[in-house]
Amino acid sequence: MIAILDYGVGNLRSVYKAFEAMAIPLQIPVDIVDTPTDLTRWKAVVLPGQGAFGESIDNLRRQQLAEPLLDAVQAGLPLLGVCVGMQLLFDESEEMGQHEGLHLIPGKVRRFPDRQPDPAHAEHTLRVPQIGWNQLHRQRNDELLHNIP
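FYI, the numbering for the sequence shown is 0 to 148, going by numbering that gives the first Met the number 0.
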């Protein structure tokens with residue numbers, strides 16, 4: 000039983016379709032939830048999102064979903080953030096001003112620095128939003144990538 004939280008921001012349908020495609024063969028119900036009382040009956044919640052951090056967190060609070068979501072997570076409900084939904088889990092964001100997040104993950108969502116394209120290394124220029132598949136270029140050894148070729 001997976002709930003996808005609808006708080007009026009972005010990629011709700013694409014996230015729903017992806018989870019539905021995975022859940023049907025496993026016979027796991029997936030539904031879109033837009034009221035706080037619905038959170039208690041699910042086994043996991045997905046927090047999707049698309050667009051700006053500030054608008055997203057404001058919508059979540061305006062629809063009175065932030066506190067019930069936090070209560071459910073603190074009680075042990077698994078939560079997956081997708082796109083901006085994942086960013087909302089952090090303490091704060093500096094995207095288009097300073098915005099307070101949900102404080103579930105310590106840290107600050109920071110904006111990528113502006114970069115001028117370098118024709119000699121065009122493949123390394125950051126584009127936001129990033130869509131598609133890319134090669135991973137390691138800058139240093141990192142435990143996170145230890146067993147990844």
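Note that CB positions come from ideal geometry on N, CA and C, so glycine has one too.
One question on the structure: do residue i and residue j come within less than 8 Å of each other, judged by their Cβ atoms?
i	j	result
Gln73	Gly7	no
Val32	Tyr15	no
Val83	Gly50	yes
Ile1	Ile27	yes
Ala71	Leu38	yes
Leu76	Ala22	no
Tell me whether residue i is buried or exposed, calling it buried when 16 or more other Cβ atoms sit within 10 Å of its Cβ.
i	result
His136	exposed
Phe18	buried
Gln86	buried
Ser92	buried
Ser13	exposed
Leu25	exposed
Gly96	exposed
Leu144	exposed
Span of the alpha helix (DSSP H) holding residue i?
i	result
Ile72	The question names Ile, yet the displayed sequence has Val at residue 72. Where Val72 is concerned, the enclosing alpha helix (DSSP H) stretches over 65 to 73.
Could you pull out every residue in the same chain whose Cβ sits closer than 8 Å to the Cβ of residue i, ignoring the five residues on either side in sequence?
i	result
Gln104	Per the sequence shown, the amino acid found at residue 104 is Ile instead of Gln. Cβ within range, chain order: Leu88, Phe89, Asp90.
Please check if any C-beta of chain D sits within less than 8 Å of the C-beta of residue i.
i	result
Asp57	Structure shown: chain D not included; a single protein chain is present.
Which two residues bound the contiguous beta strand (DSSP E) that contains residue i?
i	result
Leu4	1 to 4
Gly106	104 to 108
Got a sec? Which residues, its chain only, sit under 6 Å from residue i by beta carbon, not counting five neighbours each side?
i	result
Asp5	Leu11, Ile31, Asp33
Pro67	Pro35, Leu38
Ile56	Leu87, His98
Leu59	Tyr6, Ala65
Gly48	Val8, Gly9, Ser55, Cys82, Val83, Gly84
Arg109	Glu93
Leu79	Val45
Only counting the same chain, and skipping five residues up and downstream in sequence, which positions put a Cβ closer than 7 Å to that of residue i?
i	result
His102	Asp90
Leu64	Leu4, Tyr6, Pro35
| task | Could I get the ranges of all uninterrupted alpha helix (DSSP H) runs contained in the segment 20 to 94, with 4 residues as the minimum, in chain order? | result | Counting only runs of 4 or more, we get 52 to 61, 65 to 73, 83 to 86.
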